[in-house]
Structures are given as C-alpha cells and as structure tokens.
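Residue numbers (the numbering used here): 38 to 454.
For each residue, glycine too, the CB sits at the ideal point set by N, CA and C.
Values in this document were obtained by computation on a predicted structure and should not be read as measured data.
Working notes for the structure below.
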Ligand code: ATP
Ligand code: MG
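Quick look at the structure:
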C-alpha cells in the first residue's frame, strides 16, 4: 500500500461538526454585518508580495518571519495572504473606488502565516473581517466595534470576552511617544531580549507586545502614550469612548495594546477571552488611516477588524445540528422507481430525505434509525401498485397510509412536531 499522506503541519481538515461550527460563525457574522450595511467582497488568496510588505511594515513579525512567499513560474514574487485588510485596500484602489466612499466591506476566508502551530494557532487559519473605509470620525470606530460585539452576542459568546481598548494616537503623538520609549528601553538595553534590542532601533512600540519574560518586566514601567497625545488625537480618543457608551458596549482600557501590524493609528482594540490560554485574542482591529495611500490611492481614513474563525468556533457551545432526516424505504424494483419521485418531492419541500441503495426492509429500517430519521416512508410492491406509501413515525411507531402526492405534507408535519 502507498504511504498514507497527512495534512501539512499547521493545517487541518474540517469535517462534519467542526465545519458546521465554522460555517455557523461565518453565516452569523455575514448576517449581522449586513444589518449594518456591510457588503461582502472576496479578494484573491494570493497577491503581489508588495501588497503586504508595503502595508504591514517590513519589521512586523508577519512580514519578517511569517509570510508564505514564493517566486512563481513567471518570476513574480507572490505571497499567500497573511491577513485580509491589505488586499481589500488594494482592491479599493484597483477597482477605482477611492472616490466612492464610504465603502463598507465584509470578508471571510483563509489566511496563511508560518507560525509555530499550537491550540488556536495554525498555519492556515480563517478570518472574518470588516472594513469601514472613508469616515474618520470616532463614531465610525465605535460603530465597527459595536458590530464586532453584536457578532459575538449573536454567537452567544460575548460574555466570555472582554473588550480592551487603547489609542495609538496620530503620527505626531506616536513620534513623541516613540522617542520616550527609546529613551526608556535604552537605559535597560542589556536586560532586553536579543529580539527587542533589534526592535529598539527599528520599531520600539513592538517591544510592548513582546512575549519574552525579561522584556515584559521592563514594559511594566515604560511610558504610556497618554502623556504624548496631540489635541486632535485626544479628541478622537475622548469621542470614541463617549460613542461606545452610547452604543452600550462595555470596554476596559488597556494602555499596553499595540497591534502587530504597522498600519494602525488612533484606535486599537481586542476582544480577549480567558478560555483559550495564550491564544486569547479572538477579534482584533483598529484604525488604519495610512493603508490606502500605501496601496497607491489617496490618503483615506479607515477602520476595521478581523476575528479568527477557529478561535470563535472553539468558544461556541454547540453548533446548530444538521436538519432532521426522513428515510425513504422502498422494497422491490417497482417501489424503487416510485421512491425516487417521493424522495425528490420531500426534498423540494425543503426537508432532508435520504434513501439507502441496498438491503432488505430490516437493514434499511436500521439505517433509518442510525441516521436519526424521525419518519420512514415505506413503499412495498402493493403500495407502489396503488400509488400510496406507509408513513411511519419513528418516535411513536405509529403508521398510516398516505397517497404518494400527500407524502411530503404528511412527513413535514411529523418533522415539525
Ligand atoms: P496573535 O497575537 O494571537 O498572534 P495577531 O495580532 O497576530 O494575533 P491579527 O493579525 O490581529 O492577530 O489577526 C486577528 C485575529 O486572527 C486574531 O485575534 C486571532 O483570532 C486570529 N489569528 C491570527 N493569527 C492566527 C493563527 N495563526 N491561527 C489562528 N488564528 C489566528
Ligand atoms: Mg500573530
């Protein structure tokens, strides 16, 4: 026998209930997003590498260590998308929509990052995401966050999460903060991890996000952005919190949140949970006013988020069950022919119906029970000759005869009971 092949490390097959959970998350998010006027876009799974290297920042973990990039047969550098926002902004520019604002975009699909696989962290994972492109007002930030909260509520998992909120200020605020952070960490340079020493020169904000224990100790008393906010940045921050109060979305300020990608400004937020260990962030986003310009468009404000479908699925109690089946059980060749018409008529009514391809009455009834059928439609030679069927309620054992044309209505009543 040939060697049995396995899925690639960090990828998973989703079968049956796993995929039902997954689909429930996507369907729910899509439905709630539509209530807020968001329309779905699907952009390609791979892009010109520059779509990501320009936008996420060369020093970000994603670009420096996690991207699946390759040169294709034509010599172009291609990258499997590690996230969805850059592609949406690229598409906005490619499709000439930069003057048709606002654009309210929902997306869902696979993302790829070369990470160390563990619970809640995969190399192919999936996100739902939203982008509100155009408005710069803090009310827009609040509405996107409220929408994220609404999705979590609709999934029944909002009370397992906490919204953590921070501001990263505008460019002027961040420059001043950056200088203060460099000064702080330079004093403790020798105690920093090797990686953070490199970050110190290139991107000191990222030290705040370090998972290294020695770094974490120094992060504790690093300066906060609060002391460096410009008037405009402070007004945005105050406006956001007031708007969130009006939406009735509770939050906790966490001055240590920085997003892993370089394109964020002002608002940064995460819905976190304690149920998933180290992989506790289920939904994360922020304002990214510079990204559309990075893609060659005009300066365009925008705010959005992405949520990991795997992590959301793990928090779900139980996914909606598949529809309850009806079994169609013909006995004999003549009956087979009539069974097909009844099978299709039941399905046309919007009910699940299944028939086995072989076996005697006993075997077929066993199978009906195994799939959890609530009713069996039994057609023998005699029934077939008279154009009728026996409809058996498998919960009570009760059986009655029905004309073939009436069978769909009779079983519908049993399914609904
Ligand atoms: P983390 O800190 O967990 O690495 P991140 O900051 O890299 O997250 P984002 O780029 O903000 O994550 O992505 C948004 C969401 O996508 C995350 O909050 C998480 O739910 C999910 N996510 C990110 N990377 C992975 C992954 N490798 N596997 C599964 N889900 C992921
Ligand atoms: Mg990450």
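Check your understanding: DSSP beta-bridge partners for residue 158?
Key -> Its beta-bridge partners are 155.
Exercise for review: Would you kindly work out how many angstroms separate the C-alpha atoms of residue 431 and residue 197, rounded to a whole number?
Suggested key: Answer to the nearest angstrom: the Cα atoms are 39 Å apart.
Review point. What residue from 323, 448 and 317 has the CA that sits closest to residue 158's CA?
Key: Here the closest residue by C-alpha is 317.
Exercise for review: Check whether the Cβ of residue 394 lies closer than 7 Å to any heavy atom of the ligand ATP, and answer yes or no.
Suggested key: It does not: the Cβ of residue 394 is nowhere closer than 7 Å to a heavy atom of the ligand ATP.
**Study point:** Limits of the alpha helix (DSSP H) - the one that residue 150 falls within
**Key:** Element bounds for residue 150: n/a, residue is neither H nor E.
Review point. Per DSSP, residue 172 is paired with what?
Key: According to DSSP, which records beta bridges pairwise, residue 172 is partnered with nothing at all.
Check your understanding: Taking the C-alpha atoms as reference points, what is the distance between residue 315 and residue 295?
Key -> About 17 Å.
Point to revise | Per-residue DSSP class, three states only, for residue 420 | key: Helix, per DSSP.
Check your understanding: residue 354: buried (16+ other C-beta within 10 angstroms of its C-beta) or exposed?
Key -> Label assigned to residue 354: exposed.
Review point. For residue 394, does the count of other Cβ atoms within 10 angstroms reach 16, so buried, or fall short, so exposed?
Key: Residue 394 should be labelled exposed.
**Study point:** Proximity to residue 266 [Cα-Cα], best of 255, 286, 292 and 254
**Key:** Comparing Cα positions, the closest option is 292.
Practice item. Please name the residue, chosen from 176, 332, 363 and 218, that lies closest to residue 451 on a Cα-to-Cα basis. Key: Among 176, 332, 363 and 218, the Cα nearest to that of residue 451 belongs to 363.
Exercise for review: Can you have a look at residue 107 and say buried or exposed, based on whether 16 or more other CB atoms are within 10 angstroms of its CB?
Suggested key: Of the other Cβ atoms in all chains shown, fewer than 16 fall within 10 Å of the Cβ of residue 107; this residue is therefore exposed.
Review point. Is the region 272–288 close to the region 242–249, with three or more CB pairs under 8 Å?
Key: Counting C-beta pairs with one atom in each stretch, the region 272–288 and the region 242–249 have fewer than three that are closer than 8 Å, which means they do not touch.
Practice item. Give every residue of the same chain whose Cβ lies closer than 6 Å to the Cβ of residue 183, excluding the five residues on either side of it in the sequence, and list them in chain order. Key: Correct list, in chain order: 284 and 286.
Check your understanding: Just to check, is the beta-carbon of residue 249 closer than 7 Å to a non-hydrogen atom of the ligand MG?
Key -> Of the heavy atoms belonging to the ligand MG, none sits nearer than 7 Å to the Cβ of residue 249.
Review point. Among 178, 304 and 191, which has the Cα closest to the Cα of residue 210?
Key: Ranking 178, 304 and 191 by Cα distance to residue 210 puts 304 first.
Check your understanding: Can residue 163 and residue 346 be called in contact, C-beta distance under 8 Å?
Key -> In contact: residue 163 and residue 346 (Cβ atoms closer than 8 Å).
Review point. Exposed or buried, what is residue 38 when buried is set at 16 or more other beta-carbons lying within 10 Å of its beta-carbon?
Key: An exposed status is given to residue 38, since fewer than 16 other beta-carbon atoms sit within 10 Å of its beta-carbon.
**Study point:** residue 130 - DSSP class collapsed to helix/strand/coil
**Key:** Correct three-state label for residue 130: helix.
Practice item. Pull up the CB-CB distance for residue 382 and residue 444, whole angstroms please, since I reckon it's below 8 Å. Key: About 7 Å separates the beta carbons of residue 382 and residue 444, which is inside the 8 Å limit, making them a contact pair.
Check your understanding: Since residue 406 sits in a beta bridge, which residues does DSSP pair it with?
Key -> The partner list for residue 406 (beta bridge, DSSP) is empty, contrary to what the question assumes.
Check your understanding: When you compare only the Cα positions, how much space is there between residue 229 and residue 256?
Key -> In this structure, the alpha-carbon of residue 229 lies about 10 Å from that of residue 256.
Practice item. Note down the Cα distance separating residue 329 from residue 217, rounded to an integer number of angstroms. Key: About 29 Å.
Check your understanding: Can we say the region 66–78 touches the region 134–151, given the rule of at least three CB pairs closer than 8 Å?
Key -> With the cut-off at 8 Å, the region 66–78 and the region 134–151 touch.
Review point. Can you tell me whether residue 44 is buried or exposed, with buried defined as 16 or more other CB within 10 angstroms of its CB?
Key: So residue 44 ends up on the exposed side.
Review point. Per DSSP, residue 141 is paired with what?
Key: Paired residue(s): 169.
Practice item. Can you tell me which of 375, 75, 414 and 195 puts its alpha carbon nearest to the alpha carbon of residue 168? Key: For the residues 375, 75, 414 and 195, the minimum Cα distance to residue 168 belongs to 75.
Review point. Using the rule of at least 16 other Cβ atoms within 10 Å of the residue's Cβ for burial, across every protein chain shown, is residue 433 buried or exposed?
Key: It counts as exposed.
Practice item. Use the C-beta contact count for residue 201: other C-beta atoms within 10 angstroms, 16 or more gives buried, fewer gives exposed. Key: Sixteen is the threshold: when 16 or more other Cβ atoms of the shown chains lie within 10 Å of the Cβ of residue 201, as they do, the residue is buried.
Review point. What is the DSSP secondary structure of residue 194, reduced to helix, strand or coil?
Key: DSSP, reduced to helix, strand and coil, places residue 194 outside both helices and strands of the structure shown, so it counts as coil.
Review point. Is there at least one non-hydrogen atom of the ligand ATP closer than 7 Å to the beta-carbon of residue 320?
Key: The answer is yes for residue 320.
Review point. So, residue 166 versus residue 306, is the Cβ gap smaller than 8 Å?
Key: In this structure, residue 166 lies away from residue 306, with their beta-carbon atoms at least 8 Å apart.
Point to revise | Local conformation of residue 415 per DSSP, three classes | key: In this structure, residue 415 counts as strand in the three-state DSSP scheme.
Exercise for review: Answer yes or no: do residue 269 and residue 331 have a C-beta to C-beta separation smaller than 8 Å?
Suggested key: For residue 269 and residue 331, no; Cβs fall outside 8 Å.
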